[in-house]
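Before any comments, here is the structure.
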Amino acid sequence: MDKQRLNELAEIARRVRVGIIDAVYSASSGHPGGSLSIADILTYLYFEELRVDPANPDAPDRDRFVLSKGHCAPALYSVLAQRGFIPVEDLKTFRKTTSYLQGHPDMKHTPGVDMTSGSLGQGVSVAAGMALAAKMDKSDRRVYAIMGDGESEEGQVWEAAMFAGHHHLDNLCYYVDLNGLQIDGSLDQVVDPRPHDEKFRAFGWNVISINAHDFNEIEAALKAAREYKGKPTVIIGNSVKGKGVSFMENNVGWHGKAPNTEEYEIAMRELGERA
Amino acid sequence: MAEKIATREAYGNALAEFGAKYENLVVLDADLAAATKTSTFKKAFPDRFFDCGIAENNMINVAVGLSLSGKIPFASTFAMFAAGRSYEQIRNSVGYPHTNVKIGATHAGITVGEDGATHQCNEDIALMRTIPGMTILNPADAVEARLAVEAAIKMQGPCYLRFGRMAVPVIFDANYKFEIGRGVKLADGTDVSLIATGIEVEQALAARELLAAEGISASVVNIHTIKPLDEDLVVAEAQKTGAVVTCEEHSIIGGLGGAVAECLSAKCPTPVLRVGVEDTFGRSGPAKELVSYFGLDAAAIAAKAKAAVALKK
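Respectively, the protein sequence lines represent chains A and B.
With the first sequence counted from 1, adding 6 to any position gets you this note's numbering.
With the second sequence counted from 1, adding 794 to any position gets you this note's numbering.
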């Protein structure tokens, strides 16, 4: 990727992170940690990878995206805002009683949201169904789903992995946000779902492991996924929970907590929004 | 004796029949195709049939993904594993986003027979009723099962269809009209209304004969759509006879009996007695014997009808 495009994507990802903090701060609740850790992959997906059109969000042959870890809705809303699906200023209505921006994604009321999600483990199965439908239709549309590492403790994730592997859904790409933390602590303090690579390989998947915050690695992985035939691909993104806001980074306490005013100001300064 | 055929059999036949007419129809099963009878569709349309293995939760959500891509999926397994195990998948991914998924649940109720309590789902209607926007169809015979399948294909949105394992008599003829949400008056009466659904329609019709022999005039109504309930018909019956008995092969809690009682307590307070599986689990035994054992046969309905008449002021 050339330097200029790299800088542009980094700037978009910065604005996505600003939107995440704005949304969670305005709502006084929400999930900043896991939202910040997927800001870069979402930026790349919506600005480089996905065949989607904000002017026609329901186009039948668009690529599909499912945020299986639906609690990270602030990241999805923020990237949809940057891409032009919804107004950026609406992010401040997140989780408000009369807002269309629900605490977890609601496809019925939010342009660009392909599937309602929030109950962990279900989105990846829905994505498999979407990929199966594309195969039946002989369409070249592709399907992407982001899941959490904690989410992979749900048995249904492995039902979906078995199904997609069995059906050779090479138009399907999962992304595991491996930030190592879940609500109750680090993965090894709860019930460790790792290693993901060996498990997915055993279910018939192509596996790629990357640094989740390096756009060159994201680009190479998604290109490899597109070109790989005969198996679905899973990209394991080694990420930093809370990435971009120093006091949130690698801190499990910021899984589902909103910053106070002082913390908000510090976060905005670190994200380059304040002099 | 009329011809006997299980509604699950009619379900499989209907899927195969309508597969030709509706090319977006796809069918999923969870390793029970031979029992749910979706195998009939599989034979006719192998490219539109997907066996998801013993993984019901994934199956429901795969169906959601298919529906969001323009397919009309029927996801099939036993009622226990559809409404029971996958309740939350249905609630959050079918009900809440109002996706166009049809759930073809077979082996409902105690007429599963010998397999016993673990496989006898007497709670599915109650569970499905609590989901906003869910349509619930419970056909009484093979004719109605076929019509219910096509109605489900033609409607937009979530639909739960309930079928049985046991062969039951064909009650309706070729001219029978089926409309979602519209109950069917099968016989008139003045003393008590027997409001029945599914295989209990046959038992209610037989109970009417028993009651007639004792000088009690009972009407019989078939409620094939539990939700949305035909409240106008239920209220009209209550106003006319002043006593209601609901009849269903389901728990007396939360099913047709619950729906009718909720309706009448608000719109036309009337004594309502409920025939169904009392607050208990099922057990193994020949299906036909279990119908009597659990108090679902014509004699049990007639006894409740007399009790309901006695409650009238």
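Don't be surprised by glycine CBs; every beta carbon is placed ideally from N, CA and C.
In this text the structure is predicted, and so the values were computed from the model without any measurement.
Beta bridge counterpart(s) of residue i as assigned by DSSP
{"i": "residue 776 of chain B", "result": "A question about residue 776 of chain B goes unanswered here, because the residues of chain B that appear run from 795 up to 1107."}
{"i": "residue 73 of chain A", "result": "A/152"}
{"i": "residue 902 of chain B", "result": "B/915"}
{"i": "residue 991 of chain B", "result": "Note: residue 991 of chain B sits in no beta bridge, so no partner."}
{"i": "residue 1067 of chain B", "result": "B/1039"}
{"i": "residue 869 of chain B", "result": "B/822 and B/897"}
{"i": "residue 854 of chain B", "result": "Its beta-bridge partners do not exist; DSSP assigns none."}
{"i": "residue 215 of chain A", "result": "A/242"}
{"i": "residue 963 of chain B", "result": "B/798"}
{"i": "residue 844 of chain B", "result": "B/822"}
{"i": "residue 986 of chain B", "result": "B/1012"}
Separation of residue j from residue i, as counted between CA atoms
{"i": "residue 215 of chain A", "j": "residue 892 of chain B", "result": "36 Å"}
{"i": "residue 876 of chain B", "j": "residue 886 of chain B", "result": "14 Å"}
{"i": "residue 874 of chain B", "j": "residue 1008 of chain B", "result": "39 Å"}
{"i": "residue 1046 of chain B", "j": "residue 832 of chain B", "result": "30 Å"}
{"i": "residue 97 of chain A", "j": "residue 270 of chain A", "result": "15 Å"}
{"i": "residue 980 of chain B", "j": "residue 866 of chain B", "result": "32 Å"}
{"i": "residue 94 of chain A", "j": "residue 24 of chain A", "result": "11 Å"}
{"i": "residue 32 of chain A", "j": "residue 77 of chain A", "result": "16 Å"}
{"i": "residue 996 of chain B", "j": "residue 68 of chain A", "result": "50 Å"}
{"i": "residue 1005 of chain B", "j": "residue 991 of chain B", "result": "19 Å"}
{"i": "residue 195 of chain A", "j": "residue 1055 of chain B", "result": "50 Å"}
{"i": "residue 945 of chain B", "j": "residue 232 of chain A", "result": "40 Å"}
{"i": "residue 888 of chain B", "j": "residue 229 of chain A", "result": "33 Å"}
{"i": "residue 1094 of chain B", "j": "residue 1061 of chain B", "result": "27 Å"}
{"i": "residue 247 of chain A", "j": "residue 137 of chain A", "result": "29 Å"}
{"i": "residue 1059 of chain B", "j": "residue 43 of chain A", "result": "53 Å"}
{"i": "residue 960 of chain B", "j": "residue 1084 of chain B", "result": "11 Å"}
{"i": "residue 803 of chain B", "j": "residue 899 of chain B", "result": "12 Å"}
{"i": "residue 167 of chain A", "j": "residue 1029 of chain B", "result": "50 Å"}
{"i": "residue 8 of chain A", "j": "residue 148 of chain A", "result": "25 Å"}
{"i": "residue 1103 of chain B", "j": "residue 1010 of chain B", "result": "9 Å"}
{"i": "residue 1053 of chain B", "j": "residue 115 of chain A", "result": "31 Å"}
{"i": "residue 984 of chain B", "j": "residue 1033 of chain B", "result": "10 Å"}
{"i": "residue 123 of chain A", "j": "residue 982 of chain B", "result": "49 Å"}
{"i": "residue 786 of chain B", "j": "residue 1077 of chain B", "result": "Nothing about residue 786 of chain B can be read from this structure; chain B reaches only from 795 to 1107."}
{"i": "residue 1065 of chain B", "j": "residue 922 of chain B", "result": "25 Å"}
{"i": "residue 935 of chain B", "j": "residue 801 of chain B", "result": "6 Å"}
{"i": "residue 14 of chain A", "j": "residue 146 of chain A", "result": "28 Å"}
{"i": "residue 46 of chain A", "j": "residue 101 of chain A", "result": "23 Å"}
{"i": "residue 847 of chain B", "j": "residue 1001 of chain B", "result": "42 Å"}
{"i": "residue 53 of chain A", "j": "residue 223 of chain A", "result": "15 Å"}
{"i": "residue 129 of chain A", "j": "residue 143 of chain A", "result": "21 Å"}
{"i": "residue 828 of chain B", "j": "residue 964 of chain B", "result": "22 Å"}
{"i": "residue 89 of chain A", "j": "residue 141 of chain A", "result": "28 Å"}
{"i": "residue 967 of chain B", "j": "residue 1096 of chain B", "result": "26 Å"}
{"i": "residue 268 of chain A", "j": "residue 226 of chain A", "result": "39 Å"}
7 Å Cβ cut-off: residues of chain A touching residue i
{"i": "residue 857 of chain B", "result": "135"}
{"i": "residue 860 of chain B", "result": "135, 138 and 139"}
Chain-ordered chain B contacts of residue i [CB-CB under 8 Å]
{"i": "residue 102 of chain A", "result": "Neighbours of residue 102 of chain A on chain B: none; closest Cβ ~19 Å, over 8 Å."}
{"i": "residue 114 of chain A", "result": "891 and 892"}
{"i": "residue 132 of chain A", "result": "855, 856, 858, 859, 862 and 887"}
{"i": "residue 122 of chain A", "result": "886, 887, 890 and 891"}
Contacts that residue i makes with chain A (C-beta to C-beta distance below 9 Å)
{"i": "residue 1049 of chain B", "result": "Here the premise fails: no neighbours, minimum Cβ distance about 26 Å."}
Neighbouring residues, chain B, relative to residue i (Cβ below 7 Å)
{"i": "residue 162 of chain A", "result": "851 and 852"}
{"i": "residue 165 of chain A", "result": "849, 851 and 852"}
{"i": "residue 128 of chain A", "result": "855, 883, 886 and 887"}
Under 9 Å from the C-beta of residue i: neighbouring residues of chain B
{"i": "residue 169 of chain A", "result": "844, 846, 847, 849, 852, 853 and 856"}
Amino acids of chain A, ordered along the chain, whose beta-carbon sits closer than 8 Å to that of residue i
{"i": "residue 865 of chain B", "result": "139 and 142"}
Interface flag, residue i vs chain D, CB-CB below 8 Å
{"i": "residue 125 of chain A", "result": "Although the question refers to chain D, the structure presented lacks it and instead comprises the protein chains A and B."}
Any non-hydrogen atom of the ligand MG closer than 7 Å to residue i Cβ
{"i": "residue 41 of chain A", "result": "The ligand content of the structure shown is nil, which means the ligand MG is not present either."}
In chain order, what are the residue ranges of uninterrupted alpha helix (DSSP H) at least 4 long that sit wholly in the region 150-195 of chain A? Along the length of the region 150-195 of chain A, whole alpha helix (DSSP H) runs at least 4 residues long occupy 161-172, reported in chain order.
Taking a cut of 9 Å between CB atoms, which residues from the region 873-892 of chain B lie near chain A? Taking 9 Å as the Cβ-Cβ cut-off against chain A, the residues of the region 873-892 of chain B that qualify are 882, 883, 885, 886, 887, 890, 891 and 892.
Which runs of the beta strand (DSSP E) fall wholly inside the region 996-1048 of chain B and span at least 3 residues, in chain order? Counting only runs of 3 or more, we get 1012-1016, 1019-1021 and 1038-1045.
Along the chain, which unbroken stretches of the alpha helix (DSSP H) at least 4 residues long are found entirely within the region 921-956 of chain B? For the region 921-956 of chain B, whole alpha helix (DSSP H) runs of length 4 or above, ordered along the chain, are 936-948.
Whole beta strand (DSSP E) runs in the region 76-160 of chain A with 3 or more residues, listed along the chain? The DSSP assignment places complete beta strand (DSSP E) segments of no fewer than 3 residues inside the region 76-160 of chain A at 149-154, in order along the chain.
Output needed in chain order: residues of the region 192-203 of chain A with a Cβ under 7 Å from some Cβ in chain B. Per Cβ criterion, the list is empty.
Which ranges would you report for the beta strand (DSSP E) in the region 17-79 of chain A if only whole runs of at least 3 residues count? The beta strand (DSSP E) runs lying completely inside the region 17-79 of chain A and spanning 3 residues or more are 70-73, given in chain order.
Going along the chain, which residues of the region 57-70 of chain A sit with their C-beta nearer than 9 Å to a C-beta in chain B? So the close ones are 66 and 70.
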